[in-house]
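To start, the structure under review is shown below, and the notes come after it.
2 protein chains.
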Amino acid sequence: MESSMAARGRDVRQRLITAATELIVHKGWSAVSTRMLAERAGVAPGVVHYHFASLRALLTEAAIGTMRAAVTGLEPGQDVIAALLDPLDEYSGDDPTSLLFIETYLAATRDDELRSAISALVAEFQHRLAEWLADRAVVAPQETAAVIVAAIDGLMLHRALNPAARTDLRPVLRRLVEGGTR
Amino acid sequence: MESSMAARGRDVRQRLITAATELIVHKGWSAVSTRMLAERAGVAPGVVHYHFASLRALLTEAAIGTMRAAVTGLEPGQDVIAALLDPLDEYSGDDPTSLLFIETYLAATRDDELRSAISALVAEFQHRLAEWLADRAVVAPQETAAVIVAAIDGLMLHRALNPAARTDLRPVLRRLVEGGTR
DNA sequence: ATACGCCTTGGACGGTCGTCCAAGGCGAGT
DNA sequence: ACTCGCCTTGGACGACCGTCCAAGGCGTAT
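Heads up: the protein sequence lines correspond to chains A and B, in order. 182 is the number that our numbering gives the last residue of the first sequence; the numbers go up by one with no jumps. 182 is the number that our numbering gives the last residue of the second sequence; the numbers go up by one with no jumps.
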């Protein structure tokens, strides 16, 4: 059996990653400390630097993993706008994933490794979206995709700031797609 | 003469505010410390808490002041989209004002006083923009304004993250205005 | 010349931080 | 039964943090 010990180790490691994503959302990227993480994961403080090279490495791995999962889960169906906006509406104001995105974007501003990882993620998603738009005969699909993704991220930002006053913006956003059909 | 002393005091206070805006941009909101501020302003560390009730108060005053100045300076002319995008293009990647906006937005997520101040600022600008759109017979001017401002903020975010790959997004953004004329 | 008030200095205080490490626990292989 | 290796513990270390304050500097008014 290799389970008992090694499996327990992997479990602790995973608990730390989960704790990291939660704490980034609740406290903010730069307010997450090793001791907070250890406490939430139910382990001793030293365990963080056993499983991860540094606090920064843990935060990076946690954030990138969660973001990648969230993005690859998005599939532009018949209605792109609805497909992108619905996940935002699911949560009632303190949408954890949105805040994680914003926090990580901003942290990436001062962390080259993080920045390149996120740039790749965003570029990949924009590319997928652009292809979908091109199939729908939307002119300037790349630029349209860039604007749509930017608008979504901007809405995340505003919604994190002011959870109230949520009106239906789908009709306006749809102009981006329908207004540019070839 | 009331100048020498009082004027010098006001000058130091202003230097601290300037240092605060610069440091928020360069180091990030939560990485700004009293000692860093004092050093950049060329004063002793204790001076921060003489002129301001707390570090948080200084950062708040500095950020809100700069943001208010930036927003009130914007006047939607004939071409709203150009009026909003041109300031973004002026800076070559490390646009200080954009980063300040993002940093402050995010800090406001965990600071109620800051949040209400910014919400007022954003709401005020959205209202101005909505009126302009209404005059241009754009349908759903409020929602359109919300989407435009969100898109601008999202572009700020993406551009702070990836200063390269700046293509002209004006034509796409203009669909938001022209695609919805009554 | 003396007293007053604003501004400044530089350090003390208690706390938290990231990182590291000696010591111990414990299942697995011999 | 014993060793080995992975995992865990809890605290030490030095650095930096926000805040506060006694002491001093220096124009200004009397």
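Note that beta-carbon positions come from the ideal geometry of N, C-alpha and C, so glycine has one too. Note that the structure is predicted; figures quoted are calculated from it, not measured.
Let's test the definition: count the other Cβ atoms within 10 Å of the Cβ of residue i and tell me whether it reaches 16, buried, or not, exposed.
i                        : result
threonine 97 of chain B  : buried
alanine 31 of chain A    : exposed
threonine 167 of chain A : exposed
glutamine 126 of chain A : buried
alanine 137 of chain B   : exposed
glutamate 113 of chain B : exposed
alanine 145 of chain B   : buried
arginine 164 of chain A  : The sequence shown places alanine at residue 164 of chain A, rather than the arginine named in the question. Alanine 164 of chain A should be labelled exposed.
alanine 53 of chain B    : exposed
With 9 Å as the threshold, decide whether the Cβ of residue i is near any Cβ in chain B.
i                         : result
isoleucine 118 of chain A : yes
serine 92 of chain A      : Per-residue confidence for serine 92 of chain A stands at a pLDDT of 49, beneath the threshold of 50, marking its modelled position as unreliable; the derived number appears in the next sentence. Judged by the 9 Å Cβ criterion, serine 92 of chain A is not in contact with chain B.
alanine 53 of chain A     : no
serine 33 of chain A      : no
glycine 46 of chain A     : no
leucine 58 of chain A     : no
proline 171 of chain A    : yes
arginine 136 of chain A   : no
isoleucine 102 of chain A : yes
leucine 129 of chain A    : no
leucine 106 of chain A    : yes
methionine 1 of chain A   : For methionine 1 of chain A, the predicted structure reports a pLDDT of 42, less than 50, and the residue's modelled location is therefore unreliable. The matter cannot be settled from this model.
glycine 42 of chain A     : no
arginine 15 of chain A    : no
If you check the beta carbons only, do residue i and residue j fall under 9 Å apart?
i                         : j                         : result
valine 149 of chain B     : histidine 158 of chain A  : yes
arginine 115 of chain B   : glycine 28 of chain A     : no
leucine 16 of chain B     : alanine 38 of chain B     : yes
leucine 121 of chain B    : valine 71 of chain B      : yes
histidine 51 of chain B   : arginine 13 of chain B    : yes
threonine 21 of chain B   : leucine 100 of chain B    : yes
glycine 42 of chain B     : isoleucine 152 of chain A : no
proline 141 of chain B    : alanine 123 of chain B    : no
isoleucine 205 of chain B : methionine 36 of chain B  : Outside the shown range of chain B (1 to 182) lies residue 205 of chain B, about which nothing can therefore be said.
arginine 40 of chain B    : alanine 6 of chain B      : no
aspartate 95 of chain A   : alanine 160 of chain A    : yes
Taking 9 Å as the threshold (beta carbon to beta carbon), is residue i in contact with chain A?
i                        : result
alanine 20 of chain B    : no
alanine 6 of chain B     : no
tyrosine 50 of chain B   : no
threonine 97 of chain B  : no
valine 149 of chain B    : yes
arginine 115 of chain B  : yes
aspartate 153 of chain B : yes
glycine 179 of chain B   : yes
Mind pulling the chain A residues with CB within less than 8 Å of residue i?
i                        : result
threonine 167 of chain B : Gln142, Glu143, Ala146
valine 122 of chain B    : His158, Leu161, Asn162
glycine 77 of chain B    : Correct list: empty, because the minimum Cβ distance to chain A is about 21 Å.
State the CB to CB distance for the pair residue i and residue j, rounded to an integer number of angstroms; the pair is presumed to be in contact (CB under 8 Å).
i                       : j                         : result
proline 64 of chain A   : leucine 173 of chain A    : It is isoleucine, not proline, that sits at residue 64 of chain A in the sequence shown. The Cβ separation is near 27 Å, so there is no contact.
arginine 175 of chain B : glycine 179 of chain A    : 4 Å
alanine 83 of chain A   : proline 76 of chain A     : 5 Å
alanine 108 of chain B  : isoleucine 118 of chain B : 5 Å
threonine 34 of chain B : methionine 67 of chain B  : 22 Å between Cβ atoms; not a contact.
Could you list which residues in chain A have their beta carbon closer than 7 Å to that of residue i, in chain order?
i                     : result
glycine 28 of chain B : Ser30, Arg110
Starting from residue i, find everything on chain B with Cβ-Cβ shorter than 8 Å and list it in chain order.
i                    : result
valine 71 of chain A : Residues of chain B passing the Cβ test: none, with the nearest at roughly 14 Å.
Between residue i and the ligand FMN, is there a pair consisting of the residue's CB and a ligand heavy atom that are separated by less than 8 Å?
i                      : result
arginine 13 of chain A : Because no ligand of any kind appears in the structure shown, any question about the ligand FMN cannot be addressed here.
In chain B, which residues lie less than 7 Å from residue i when you measure between Cβ atoms?
i                      : result
leucine 176 of chain A : Val172, Arg175, Leu176
Starting from residue i, find everything on chain B with Cβ-Cβ shorter than 9 Å and list it in chain order.
i                     : result
glycine 65 of chain A : Near glycine 65 of chain A there are no residues of chain B at all, since even the closest Cβ is about 18 Å away, more than 9 Å.
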